[in-house]
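Working notes for the structure below.
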């Protein structure tokens with residue numbers, strides 16, 4: 019009986035040893051895990067804190083605070099201009115000449131043309147203005163006309179001097195025009211370029227904007243804030259000067275814009291050919307501001323990007339800027 023009891027006690031002890039070992043191992047593992055969590059949490063907190071400091075530091079060093087110096091735009095001038103006979107095209111039976119210029123209503127200017135369509139392919143033509151460059155600043159007017167086969171007529175090319183309100187150029191001195199000639203009964207077309215000089219042309223004249231703020235000037239691309247203007251409707255216009263002094267085309271756009279620190283979409287999308295510059299207008303609409311309960315604009319913050327040619331994957335970001343509205 020004693021022998022049986024001894025054997026039973028040995029069996030019980032043998033069973034208790036693994037249970038004790040497992041319990042100890044489990045407790046030890048739990049402590050290791052807690053220690054690991056605590057250590058990881060401390061390190062992670064430090065890393066987040068350092069990362070935040072870095073972000074703030076980057077913003078503080080890169081964001082540009084912009085103000086536009088006080089300035090005056092030259093007022094509207096009613097100046098008569100004269101233009102000598104300039105040949106635009108003489109090809110395949112199509113003849114186009116610019117004979118002169120005149121003033122339209124307000125900022126409208128008119129080029130008077132003589133058009134003859136005696137195409138050898140016996141088709142009508144559609145004449146479009148693809149690009150208009152006035153004194154070095156590009157514009158894209160919406161102008162096109164159709165001329166039937168056998169037509170000989172006088173025609174007027176009208177365009178607005180938008181540069182007047184923007185930078186004070188009310189009357190053109192030099193006009194570069196890219197025409198597109200389309201045949202109405204086929205898919206054939208071609209382009210032709212012409213430069214027209216008016217009586218106001220001065221080859222020594224340059225345009226400088228000392229009041230503008232240049233927020234990007236690198237690798238042949240220059241971007242400046244020109245002005246902020248209000249209209250009678252309560253809307254406003256933010257004016258940029260974009261200059262592409264490279265050998266490739268660029269596209270300028272924005273993805274981030276804030277008004278008084280509140281997200282408001284302000285559209286910027288401008289395509290510039292090589293060696294081209296343009297005054298670009300971004301509209302700040304009163305209705306958009308009212309939707310986010312903004313009654314007065316104090317600041318506008320924005321980040322612009324540009325892409326070279328058709329490379330839509332590699333965007334180059336300009337330093338963000340914040341414009342204070344006086």
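Numbering (this note's numbering), first residue to last: 19 to 344. Here a beta-carbon is modelled for each residue, glycine too, at the ideal position from N, C-alpha and C.
- Cβ-Cβ distances below 8 Å link residue 292 to 262, 264, 265, 266, 267 in the same chain, with the five nearest sequence neighbours on each side left out; the list follows chain order.
- Setting aside the 5 residues that flank it on each side, residue 272 is surrounded in the same chain by 286, 320, 322, each with a C-beta closer than 6 Å to its C-beta; the list follows chain order.
- With a cut-off of 8 Å on Cβ pairs, the segment 200-215 is in contact with the segment 138-152, counting three or more such pairs.
- The shortest CA-to-CA distance from residue 171 to any of 149, 239, 117, 155 is the one to 117.
- For residue 304, the closest alpha carbon among the candidates 247, 294, 335 is that of 247.
- Under the three-state reduction of DSSP, residue 183 is assigned to helix.
- By the C-beta density criterion, residue 160 is exposed, having fewer than 16 other C-beta atoms within 10 angstroms.
- Within 10 angstroms of the beta-carbon of residue 190 lie 16 or more other beta-carbons, which makes it buried.
- Residue 297 and residue 158 have their C-alpha atoms spaced approximately 11 Å apart.
- Closest option to residue 311, judged by alpha-carbon separation, among 338, 150, 279, 341: 279.
- The beta carbons of residue 236 and residue 260 sit no closer together than 9 Å.
- Secondary-structure assignment with DSSP links residue 215 through a beta bridge to 192.
- Residue 306 sits in a helix when the DSSP states are folded into three classes.
- Under DSSP, residue 167 takes part in no beta bridge, so it has no partner.
- Within its own chain, the residues whose Cβ lies closer than 7 Å to the Cβ of residue 245, once the five positions on either side in sequence are excluded, are 86, 257, listed in chain order.
- Looking at the DSSP output, residue 242 bridges to 232, 259.
- Sequence-distant partners of residue 343 (beyond 5 residues in either direction) whose C-beta falls short of 8 Å from its own C-beta, in its chain, are 246, 315, 316, 317, 318.
- For residue 229, the closest of 242, 218, 196 by C-alpha to C-alpha distance is 242.
- Here the alpha carbons of residue 210 and residue 108 stand approximately 10 Å from one another.
- Note on residue 225: under 16 other CB atoms within 10 angstroms of its CB, so exposed under the neighbour-count rule.
- For residue 99, the closest of 92, 284, 130 by C-alpha to C-alpha distance is 130.
- Taking the Cα positions, residue 234 is about 18 Å away from residue 300.
- For residue 90, the three-state secondary structure derived from DSSP is coil.
- Between the alpha carbons of residue 147 and residue 208 lies a distance of about 12 Å.
- Cβ atoms of residue 295 and residue 156 come within 8 Å of each other, at about 7 Å.
- For residue 273, the secondary structure class from DSSP, reduced to helix, strand or coil, is strand.
- In the DSSP assignment, residue 105 falls within the beta strand (DSSP E) that extends over 104-109.
- Across the structure, residue 222 and residue 166 are spaced so that their CA atoms are roughly 42 Å apart.
- Counting only residues of its own chain and dropping the five nearest sequence neighbours on each side, residue 336 has a CB closer than 8 Å to the CB of 233, 234, 241, 321, 322, 323, 324.
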